[in-house]
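Notes for the one structure printed next.
This is the structure:
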């Protein structure tokens, strides 16, 4: 979910922007839950292709989508390379003791398809929503208020902490620090990184105290202000809900027949 991670929201088209944030959030949750319950590789492949097409239609293009998912895809490639060697079953290739099994490869492909289908769906439905709108939609759907507040604060100040860490790294480079992995320099390198992490935590605590004081000065009483206006869901929301329900039922029917 890119917008939820502090990235700039993408421009959403293809009618998704007309949907109420509650519909989009609930649709993402229902879709992810449905994909998690599927097991057939063919059905999962169809789900991944369908959600990929939806993400392309709702987002700025293939390149931007891949940039947002590059870290996820890197982890999936590592999983695809290692998991077949950890699951016992019918040997596929390799030599003892490193033998990849067909069952392990199928499990890795299954996880790959599930994660990608969920990622594409979340990108399509929530990628164009600002974190504040996601939080308001979650509150409207009766999500725990403390959890929503934590989400909004993490989104708001996660970028601040990343910027602080970047400034400390720049200061380290200005002092001619160069990380090395040799036996002679490894202890110094890790000690330096440990000091940097400690400074980030100390400055995070200082920032949290200043933010807490500023919020109390502005009358914060333990609850973030939220709009009481909740417009009724429209025809587009109903149509989307019906289409999503039909797609989920079709996926489970195909799973049963496979």
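Residue numbers (our numbering): 25 to 282.
Don't be surprised by glycine CBs; every beta carbon is placed ideally from N, CA and C.
Under the three-state DSSP convention, the category residue i falls into
i: residue 120; result: coil
i: residue 112; result: coil
i: residue 203; result: coil
i: residue 279; result: helix
i: residue 38; result: With a pLDDT of only 46 at residue 38, under 50, the local geometry of the prediction cannot be trusted, and the value read off the model is given with reservation. Residue state, collapsed to three classes: coil.
i: residue 165; result: coil
i: residue 230; result: helix
i: residue 154; result: coil
i: residue 244; result: coil
Neighbour-count burial assignment, residue i, 16 or more Cβ in a 10 Å radius
i: residue 57; result: exposed
i: residue 125; result: buried
i: residue 117; result: exposed
i: residue 182; result: exposed
i: residue 81; result: exposed
i: residue 48; result: buried
i: residue 151; result: buried
i: residue 46; result: buried
i: residue 155; result: buried
i: residue 114; result: exposed
i: residue 51; result: buried
i: residue 129; result: buried
i: residue 34; result: With a pLDDT of 45 at residue 34, under the threshold of 50, the modelled position of this residue cannot be trusted; read the value that follows with caution. That one is buried.
i: residue 153; result: buried
i: residue 172; result: buried
i: residue 39; result: exposed
i: residue 26; result: Confidence at residue 26 is low in this model, with a pLDDT of 42, below 50, so the placement of that residue is unreliable and no value is reported for it.
Inter-residue spacing [alpha-carbon to alpha-carbon] between residue i and residue j
i: residue 184; j: residue 101; result: 31 Å
i: residue 233; j: residue 225; result: 12 Å
i: residue 179; j: residue 68; result: 31 Å
i: residue 228; j: residue 188; result: 9 Å
i: residue 287; j: residue 273; result: It is not possible to answer for residue 287, since the shown part of the chain is limited to 25 through 282.
i: residue 127; j: residue 120; result: 17 Å
i: residue 87; j: residue 269; result: 30 Å
i: residue 174; j: residue 131; result: 34 Å
Segment limits, alpha helix (DSSP H) that includes residue i
i: residue 126; result: 126-150
i: residue 71; result: 65-82
i: residue 258; result: No alpha helix (DSSP H) holds residue 258; DSSP gives it neither H nor E.
i: residue 48; result: 45-61
Pair within 7 Å by beta-carbon distance, residue i and residue j
i: residue 107; j: residue 136; result: no
i: residue 62; j: residue 279; result: yes
i: residue 140; j: residue 72; result: yes
i: residue 55; j: residue 145; result: yes
i: residue 147; j: residue 42; result: no
i: residue 166; j: residue 59; result: no
i: residue 143; j: residue 93; result: yes
i: residue 204; j: residue 213; result: yes
Closer than 6 Å: residue i CB and nearest the ligand COA heavy atom
i: residue 152; result: Looking at this structure, you won't find the ligand COA or any other ligand, since it has none at all.
Proximity test, Cβ basis, 7 Å: residue i and chain D
i: residue 148; result: The displayed structure is made up of one protein chain only, and chain D is not part of it.
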